[in-house]
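Residues 87 to 470 (the numbering used here) make up the sequence shown, in order.
Using N, Cα and C, we set each Cβ at its ideal position, and we do this for glycine too.
Below: the structure, in structure tokens.
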Amino acid sequence: MPGAMTATPSQDTSTIVAVPLGARAYDIHVGRGLIARAGALMAPVLSQKRVFIVTDSNVAPLYLAAVTQSLTQAGIHVDHAVVPAGESSKDFAHLARLLDAMLAAKCERGTMIVALGGGVIGDLAGFAASVLLRGVDFIQIPTTLLSQVDSSVGGKTGINTSAGKNLVGSFHQPRLVLADTDVLATLPMRELRAGYAEVAKYGLLGDAVFWAWLEANAPTMLTAGASHHDLLRVAIVTSCAAKAKIVVADEKESGVRALLNLGHTFGHALEAEMGYGEDLLHGEGVAIGMVLAFDLSARLGLCPPADAARVRAHMQAVGLPAVPPRSGPRGPVTAAALIAHMSHDKKMKDGAVTFVLARRIGEAFLSRDVSTAALEDMLTAALA
Numbered sequence: 087m088p089g090a091m092t093a094t095p096s097q098d099t100s101t102i103v104a105v106p107l108g109a110r111a112y113d114i115h116v117g118r119g120l121i122a123r124a125g126a127l128m129a130p131v132l133s134q135k136r137v138f139i140v141t142d143s144n145v146a147p148l149y150l151a152a153v154t155q156s157l158t159q160a161g162i163h164v165d166h167a168v169v170p171a172g173e174s175s176k177d178f179a180h181l182a183r184l185l186d187a188m189l190a191a192k193c194e195r196g197t198m199i200v201a202l203g204g205g206v207i208g209d210l211a212g213f214a215a216s217v218l219l220r221g222v223d224f225i226q227i228p229t230t231l232l233s234q235v236d237s238s239v240g241g242k243t244g245i246n247t248s249a250g251k252n253l254v255g256s257f258h259q260p261r262l263v264l265a266d267t268d269v270l271a272t273l274p275m276r277e278l279r280a281g282y283a284e285v286a287k288y289g290l291l292g293d294a295v296f297w298a299w300l301e302a303n304a305p306t307m308l309t310a311g312a313s314h315h316d317l318l319r320v321a322i323v324t325s326c327a328a329k330a331k332i333v334v335a336d337e338k339e340s341g342v343r344a345l346l347n348l349g350h351t352f353g354h355a356l357e358a359e360m361g362y363g364e365d366l367l368h369g370e371g372v373a374i375g376m377v378l379a380f381d382l383s384a385r386l387g388l389c390p391p392a393d394a395a396r397v398r399a400h401m402q403a404v405g406l407p408a409v410p411p412r413s414g415p416r417g418p419v420t421a422a423a424l425i426a427h428m429s430h431d432k433k434m435k436d437g438a439v440t441f442v443l444a445r446r447i448g449e450a451f452l453s454r455d456v457s458t459a460a461l462e463d464m465l466t467a468a469l470a
């Protein structure tokens, strides 16, 4: 496997990535057939044989019955709530309804919350768990590539507000993550590619060997979709191990963990300008954002232009967008509008946006020294 990782094979043919956070340590299982074994895998971390599953209207018809059956066979009582699919469910109104449902079901402090779905469900259910009865445990069963390699690991939870994305939330680590690669077979190709952007991120920010492996294998892996389980498993395990290492070093993002936001400052601004809708998926925004981050780095003389060109070419090779959209719901996308969205970024410090830039592929760093003029010039050129 490419790069260095802390991962061990298990007897059930899944690979286990450890997240050693002391009393909050947990394992990430990556492999096939994990949903069918959910009851047996969850049982050791339950303080009572009771769970409350949170899922959405897209995932429930596909996997809720299978997870419920596995848990019931293990003697675990199951309650559940289904929220509407989509980013619009990550708000205060849906959070309040979800908490009311949990309380109506008489959830106790020993009840395990289970997030069954993609990043929206993981963020919403995780945040609900962090505030229900002043904090209960939860488990992640991510059902998209994006959530398997990124949002299900590391304990970031939250909801969106009118001011921006994920501006209200908490750090609340899961007790277990079950990344079943079989579920990726039901993903539309666009969703699979969007999730791949977060995989590519790990190579770009700190593992040039992994990046080279992705350049050689990702087009085949994504073209064939989830039928290439071995390639997907390598990609997921490597990504989870990379994130786990960073999370352990900086759990609450006071330093190095901010590197995981490579491409996200630009991506979130693009998502906001596009209205958080289907016109631009999160992973697509991140893909464009990483291209912009390398372009900006090259323009500032920090990174070889050839590396920026490699990033752009790879995004295009795997079918991801490499240039920002020219127009959105409010009309033409402008550099000024994107910069205004960035002013709401969580990584603002003393009024300055923290950017993740690069010295080369595999070597990202944090910078607060980007002038507004340089940023505007780069964005204007990208939007031209």
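Worksheet item: Which residue comes first and which comes last in the alpha helix (DSSP H) that contains Y149?
Response: Locating residue 149 in the sequence shown gives position 63, where the first residue counts as 1. Y149 -> no alpha helix (DSSP H), and no H or E assigned at all.
Practice prompt. Evaluate E364 with the Cβ neighbour count: other Cβ atoms within 10 Å of its Cβ, from every protein chain shown; 16 or more gives buried, anything less gives exposed.
Written response: Here residue 364 is taken as the residue at index 278 of the sequence shown, counted from 1. Result: exposed.
Discussion item. Is there a C-beta anywhere in chain D that falls below 8 Å from the one on L231?
Written reply: As a matter of chain content, chain D is missing from the structure shown, which is built from one protein chain.
Worksheet item: Out of curiosity, what's the CA-to-CA distance linking A423 and D209?
Response: Counting from 1 along the sequence shown, the entry for residue 423 is found at position 337. Counting from 1 along the sequence shown, the entry for residue 209 is found at position 123. Cα to Cα, A423 sits roughly 27 Å from D209.
Practice prompt. State yes or no: is the C-beta of T473 within less than 8 Å of the C-beta of H315?
Written response: For the chain, the structure presents residues 87 to 470; residue 473 sits outside this window and is missing.
Fill in: For G369, the first and last residue of its enclosing alpha helix (DSSP H)
Walking along the sequence shown from the start, residue 369 turns up at place 283. Residues 368 to 385.
Worksheet item: Going straight from the alpha carbon of A450 to that of L469, what length do you get?
Response: In the sequence shown, the residue the question calls residue 450 occupies position 364. In the sequence shown, the residue the question calls residue 469 occupies position 383. Whole-angstrom Cα-Cα distance: 24 Å.
Discussion item. Between K251 and H354, how many whole angstroms is the CB-CB distance? I'm expecting something under 8 Å.
Written reply: Indexing the sequence shown from 1 puts residue 251 at position 165. Indexing the sequence shown from 1 puts residue 354 at position 268. Indeed they touch by this definition, with Cβ atoms about 5 Å apart.
Practice prompt. Below 7 Å CB to CB, which residues in the same chain sit around A459 once its five sequence neighbours on both sides are set aside?
Written response: The residue labelled residue 459 in the question sits at position 373 within the sequence shown. Counting only Cβ-Cβ distances below 7 Å, and skipping sequence neighbours, we find nothing.
Discussion item. Taking the beta strand (DSSP E) that H258 belongs to, which residues open and close that run?
Written reply: For the purposes of this step, residue 258 is taken as residue 172 along the sequence shown, with counting starting at 1. First-last for H258: undefined, no H or E at that position.
Item to complete: Indicate the three-state DSSP secondary structure (helix, strand or coil) for P106 in the structure shown.
Response: What you label residue 106 is simply residue 20 of the sequence shown in a count that begins at 1. Looking at P106 - three-state DSSP - the assignment turns out to be coil, as it is neither helix nor strand.
Worksheet item: Are three or more beta carbon pairs between the region 231 to 248 and the region 163 to 178 nearer than 8 Å?
Response: yes
Item to complete: Note the first and the last residue of the continuous alpha helix (DSSP H) segment covering N303.
Response: The count along the sequence shown starts at 1 and reaches residue 303 at position 217. Taken as a continuous stretch (DSSP letters only), the alpha helix (DSSP H) holding N303 covers 294 to 309.
Worksheet item: Among the residues of its own chain, which have a CB less than 6 Å from the CB of A132, if the five just before and after it don't count?
Response: Translated into the one-based positions of the sequence shown, residue 132 becomes position 46. Just to set this straight, residue 132 is Leu in the shown sequence, not Ala. Taken in chain order, the residues that qualify are M198.
Item to complete: Please name the residue, chosen from T420, V105, F352, that lies closest to R261 on a Cα-to-Cα basis.
Response: As a first step, residue 261 is located in the sequence shown; it is residue number 175 there, counting from the start. Considering only alpha carbons, the answer is V105.
Worksheet entry | Helix, strand or coil at R412 according to DSSP, with G and I counted as helix | Translated into the one-based positions of the sequence shown, residue 412 becomes position 326. Note: R412 maps to coil in three-state DSSP.
Discussion item. Please state the DSSP three-state secondary structure of D165.
Written reply: Against the sequence shown, residue 165 aligns to sequence position 79. Three-state DSSP puts D165 in a strand.
Worksheet item: Looking at the structure shown, is E357 part of a helix, part of a strand, or coil, going by DSSP?
Response: For the purposes of this step, residue 357 is taken as the residue at position 271 of the sequence shown. In this structure, E357 counts as helix in the three-state DSSP scheme.
Discussion item. Excluding the 5 residues flanking S143 on each side, which residues of the same chain have their C-beta closer than 8 Å to its C-beta?
Written reply: Residue 143 sits at position 57 when you count from the first residue of the sequence shown. The answer, listed in chain order, is V168, V169, P170, A171.
Discussion item. Looking at the strands, I want to know which residues DSSP matches up with R446.
Written reply: By 1-based counting over the sequence shown, the position of residue 446 is 360. DSSP lists E449 as partners of R446.
Discussion item. Which residue marks the beginning of the alpha helix (DSSP H) containing V334, and which one marks its end?
Written reply: Along the sequence shown, one-based indexing puts residue 334 at 248. 315 to 335 is the extent of the alpha helix (DSSP H) around V334.
Worksheet item: Quick one: what's got a C-beta closer than 6 Å to G289's C-beta in the same chain, skipping five residues either side?
Response: Stepping through the sequence shown from its first residue, residue 289 is reached at position 203. So the list reads F296, W297, L300, once near-sequence residues are dropped.
Worksheet item: How would you write the range of the beta strand (DSSP E) that R343 sits in, first residue to last?
Response: Along the sequence shown, read from residue 1 onward, the residue named residue 343 stands at position 257. Note, R343: premise wrong, no beta strand (DSSP E); not H, not E.
Discussion item. Whole angstroms are fine: how far does the CA of S413 sit from the CA of E277?
Written reply: Indexing the sequence shown from 1 puts residue 277 at position 191. Indexing the sequence shown from 1 puts residue 413 at position 327. Taking the straight line from one Cα to the other gives about 22 Å.
Worksheet entry | C-beta atoms of V235 and V164 nearer than 8 Å | Taking the first residue of the sequence shown as position 1, residue 235 is located at position 149. Taking the first residue of the sequence shown as position 1, residue 164 is located at position 78. Contact: no.
Worksheet entry | Cβ-heavy atom distance, I121 to the ligand ATP, below 7 Å | This structure simply doesn't include the ligand ATP, nor any ligand for that matter.
Worksheet entry | Inter-residue Cα distance where the pair is L388 and A444 | If you number the sequence shown from 1, residue 388 lands on position 302. If you number the sequence shown from 1, residue 444 lands on position 358. Using only the alpha carbons, I get a separation of about 7 Å.
Worksheet item: Near I227, what residues of its chain come up, given a Cβ to Cβ distance below 6 Å and the 5 sequence neighbours on each side ignored?
Response: Counting from one through the sequence shown, the residue named residue 227 turns up at place 141. The residues are L202, L264.
Discussion item. With the cut-off set at 8 Å, would you say V222 and V140 are in Cβ contact?
Written reply: The count along the sequence shown starts at 1 and reaches residue 222 at position 136. The count along the sequence shown starts at 1 and reaches residue 140 at position 54. Their beta carbons are not under 8 Å apart, which means V222 does not touch V140 by this criterion.
Practice prompt. Provide the residue span of the beta strand (DSSP E) that contains D142, from first to last.
Written response: Position 56 of the sequence shown holds residue 142. Start and end: 136 to 142.
Practice prompt. Identify, in the order they occur along the chain, each residue of the same chain with its Cβ nearer than 8 Å to the Cβ of R319, setting aside the five sequence neighbours on each side.
Written response: Numbered from its first residue, the sequence shown carries residue 319 at position 233. Excluding sequence neighbours, R319 sits near T101, V116, G117, T267.
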